[in-house]
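All residue numbers for the sequence shown refer to our numbering, where the first residue is 108 and numbers rise by one.
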Amino acid sequence: MNQFRWKQIGLICAFVAALWACGGSGSDTPTPTPPNPTDQASSDRKAMLTNIADNIIVPSYANFKTKFDAMVAKSDAFAAKPDKTTLTDLRQAWVDAYTEWQKVELFDVGPAEQYTLRNFFNIYPTDVAGVEAYIAAGTGSFDVPASYPKQGFPTLDYLINGLETTDDAIVARYATAADAAKRIAYLKRLTTQMNSQFTTVYTAWTTGGYRDTFINCTALNAGCSTGKLVNGFVLNYERYIRSGKFGIPSGAMANGTVAPDKVEAYYKKDLSLTLAKTAHQASIDFFNGKNVKTGQEGPSLKTYLNGIGAKDSQTGKSLVDIINAQFEVSNQKLAALKANLTDEVKTNNTAMVAVYTEMQKAVRMLKVDMTSAMSITITYTDNDGD
Numbered sequence: 108m109n110q111f112r113w114k115q116i117g118l119i120c121a122f123v124a125a126l127w128a129c130g131g132s133g134s135d136t137p138t139p140t141p142p143n144p145t146d147q148a149s150s151d152r153k154a155m156l157t158n159i160a161d162n163i164i165v166p167s168y169a170n171f172k173t174k175f176d177a178m179v180a181k182s183d184a185f186a187a188k189p190d191k192t193t194l195t196d197l198r199q200a201w202v203d204a205y206t207e208w209q210k211v212e213l214f215d216v217g218p219a220e221q222y223t224l225r226n227f228f229n230i231y232p233t234d235v236a237g238v239e240a241y242i243a244a245g246t247g248s249f250d251v252p253a254s255y256p257k258q259g260f261p262t263l264d265y266l267i268n269g270l271e272t273t274d275d276a277i278v279a280r281y282a283t284a285a286d287a288a289k290r291i292a293y294l295k296r297l298t299t300q301m302n303s304q305f306t307t308v309y310t311a312w313t314t315g316g317y318r319d320t321f322i323n324c325t326a327l328n329a330g331c332s333t334g335k336l337v338n339g340f341v342l343n344y345e346r347y348i349r350s351g352k353f354g355i356p357s358g359a360m361a362n363g364t365v366a367p368d369k370v371e372a373y374y375k376k377d378l379s380l381t382l383a384k385t386a387h388q389a390s391i392d393f394f395n396g397k398n399v400k401t402g403q404e405g406p407s408l409k410t411y412l413n414g415i416g417a418k419d420s421q422t423g424k425s426l427v428d429i430i431n432a433q434f435e436v437s438n439q440k441l442a443a444l445k446a447n448l449t450d451e452v453k454t455n456n457t458a459m460v461a462v463y464t465e466m467q468k469a470v471r472m473l474k475v476d477m478t479s480a481m482s483i484t485i486t487y488t489d490n491d492g493d
């Protein structure tokens, strides 16, 4: 009896050993190691940064360079021969370059942040008295904060559109006026300064190695690319689109005190809405990772937020869907405006305030909900209580 029982036990042990041998993990079939979520998130950020650098930022800068170089050439032609034909050509080139600028102003990261590119290109309203003082003196620094509203696209607007009420009178200020030579010299100083500042930034991205630095700094700390990129993007949307283009002129940020003279492109009044729409659409395209050349979407803030499952805390809906829906509401309010925003402030200011109000909703989503989901700290300060 005992011998039979031992045989049974032996058979059972042999059977279990055989099962273990068949199902065990041999050296030739190792068990896969689960992916590290931290490594995956870093990989997703690198894909996003690579797409943004190669398919959005660099080609956008290249497009702007083409328009800007054409404007400088037309400015030089006008300076060499001031007449109504060369003035008309310069004005159109200025419109083209200023419009294209709206598509790159949001890239306030890396070289553009380091060299404060925006300060030399688009601070308005123009300090007309300061410009005239610089022209009269024939000197004046362009590198101090007080000089920022004396240069860039807004000052060119004054010099080619707002100097006088007729084209003949404007041409005369450059051709026959006592200070004509000084005015032409100032025009050349402006375009030279802009060209120098932009070339520094563009070269850093294209041949200076910053592109590689940008895509390889994948951590989420404040000094790395994602944090800086998001801060620059949100800052531009909040301060320079929502506030600069609508909140300040409409009085929405000044207890209802309107300021039509603080509209962008104040002297070329029918351009202001085009600039605003272009800047707003550039922000939407950037958020969604739209390739500048093909129009196709790639890795972006949109795909990253979807990848981490970001939801609206109140509704549980996709945060990406809610942000894009709010962008569209703002677009609808923009579509209700007429081209001349100076006139809109004076005669239809409710519509201007409505744009500001809807953009403010998007600001909260970007500045609070998006950054919280991405574990990014907003490092700039604003005084409107967001």
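Just so you know, even glycine gets a beta-carbon here, dropped at the ideal spot from N, CA and C.
Requested in this report: Would you kindly work out how many angstroms separate the C-alpha atoms of T310 and S420, rounded to a whole number?
Outcome: Translated into the one-based positions of the sequence shown, residue 310 becomes position 203. Translated into the one-based positions of the sequence shown, residue 420 becomes position 313. Their backbone Cα atoms lie some 42 Å apart in a straight line.
**Report entry** Under 7 Å between C-beta atoms of T449 and K352
**Finding:** Position 342 of the sequence shown, counted from the first residue, corresponds to residue 449. Position 245 of the sequence shown, counted from the first residue, corresponds to residue 352. Their beta carbons are not under 7 Å apart, which means T449 does not touch K352 by this criterion.
Query raised in the report: Where does the unbroken alpha helix (DSSP H) through S479 begin, and where does it stop?
Result: Mapped onto the sequence shown, residue 479 falls at position 372. It spans T478 to M481 - the alpha helix (DSSP H) in which S479 sits, taken as one unbroken run.
Report task. Drop a sphere of 10 angstroms on the beta-carbon of Q258, count the other beta-carbons inside from all chains shown, and report buried for 16 or more, exposed for fewer. Result -> As a position in the sequence shown, residue 258 is number 151, starting the count at 1. With a 10 Å radius around the Cβ and a threshold of 16 neighbouring Cβ atoms, Q258 comes out buried.
Query raised in the report: For E207 versus K174, is the C-beta spacing smaller than 7 Å?
Result: As a first step, residue 207 must be located in the sequence shown, where it is residue number 100. As a first step, residue 174 must be located in the sequence shown, where it is residue number 67. A Cβ-Cβ contact shorter than 7 Å links E207 with K174.
Query raised in the report: Can you tell me whether DSSP reads S425 as helix, strand or coil?
Result: If you number the sequence shown from 1, residue 425 lands on position 318. In this structure, S425 counts as strand in the three-state DSSP scheme.
Query raised in the report: Between M155 and S357, is the Cβ-Cβ spacing less than 7 Å?
Result: For this step, residue 155 is matched to residue 48 along the sequence shown. For this step, residue 357 is matched to residue 250 along the sequence shown. Not closer than 7 Å, so no.
Requested in this report: Have a look at A366 and K453 and give me their C-alpha separation to the nearest angstrom.
Outcome: Start at 1 with the first residue of the sequence shown, and residue 366 comes out as number 259. Start at 1 with the first residue of the sequence shown, and residue 453 comes out as number 346. The straight-line gap from Cα to Cα measures roughly 9 Å.
Report task. Evaluate the contact criterion for the segment 377-397 versus the segment 340-352: three or more CB pairs, one atom per stretch, below 8 Å. Result -> Touching, yes.
Query - Under 7 Å between C-beta atoms of A219 and I322 - result: Position 112 of the sequence shown, counting from 1, holds the residue named residue 219. Position 215 of the sequence shown, counting from 1, holds the residue named residue 322. No, they are not a contact pair.
Report task. Classify K397 as helix, strand or coil using the three-state DSSP reduction. Result -> The residue labelled residue 397 in the question sits at position 290 within the sequence shown. Strand at K397.
Query - Secondary structure of K188, DSSP reduced to three states - result: For the purposes of this step, residue 188 is taken as residue 81 along the sequence shown, with counting starting at 1. Collapsing the DSSP output to three states places K188 in coil.
Query raised in the report: Excluding the five sequence neighbours on either side, which residues of its own chain have a C-beta within less than 8 Å of the C-beta of K445, listed in chain order?
Result: Counting from one through the sequence shown, the residue named residue 445 turns up at place 338. Result list for K445: L380, E451 and N455, in chain order.
Query raised in the report: Run through DSSP, which three-state label would E404 get?
Result: Taking the first residue of the sequence shown as position 1, residue 404 is located at position 297. Note: E404 maps to strand in three-state DSSP.
Requested in this report: Per DSSP, which residues does K418 bridge with? Please list them.
Outcome: Taking the sequence shown and counting its residues from 1, the one referred to as residue 418 is at position 311. DSSP, once it has assigned bridges, lists S425 as partnering K418.
Query raised in the report: So, are the CB atoms of F227 and Q304 less than 7 Å apart?
Result: In the sequence shown, residue 227 corresponds to position 120, counting from 1. In the sequence shown, residue 304 corresponds to position 197, counting from 1. Their beta carbons are under 7 Å apart, which means F227 touches Q304 by this criterion.
Report task. Excluding the 5 residues preceding and the 5 following N362 in the sequence, name in chain order all residues of the same chain whose CB lies nearer than 7 Å to its CB. Result -> One-based indexing of the sequence shown puts residue 362 at position 255. Correct list: empty, nothing qualifies.
Query - Burial state of N328 (16 or more Cβ within 10 Å) - result: Translated into positions along the sequence shown, residue 328 becomes position 221. The Cβ neighbour count for N328, taken over all protein chains shown within 10 Å, is under 16; the residue is labelled exposed.
Requested in this report: Reducing DSSP to helix, strand and coil, say where I277 ends up.
Outcome: Counting from 1 along the sequence shown, the entry for residue 277 is found at position 170. Helix at I277.
Query - Q221 - containing alpha helix (DSSP H), residue span - result: Residue 221 sits at position 114 when you count from the first residue of the sequence shown. For Q221, the enclosing alpha helix (DSSP H) has its first and last residue at P218 to Q221.
Query - For F434, the three-state DSSP class (helix, strand or coil) - result: In the sequence shown, the residue the question calls residue 434 occupies position 327. F434 falls in the helix class under three-state DSSP.
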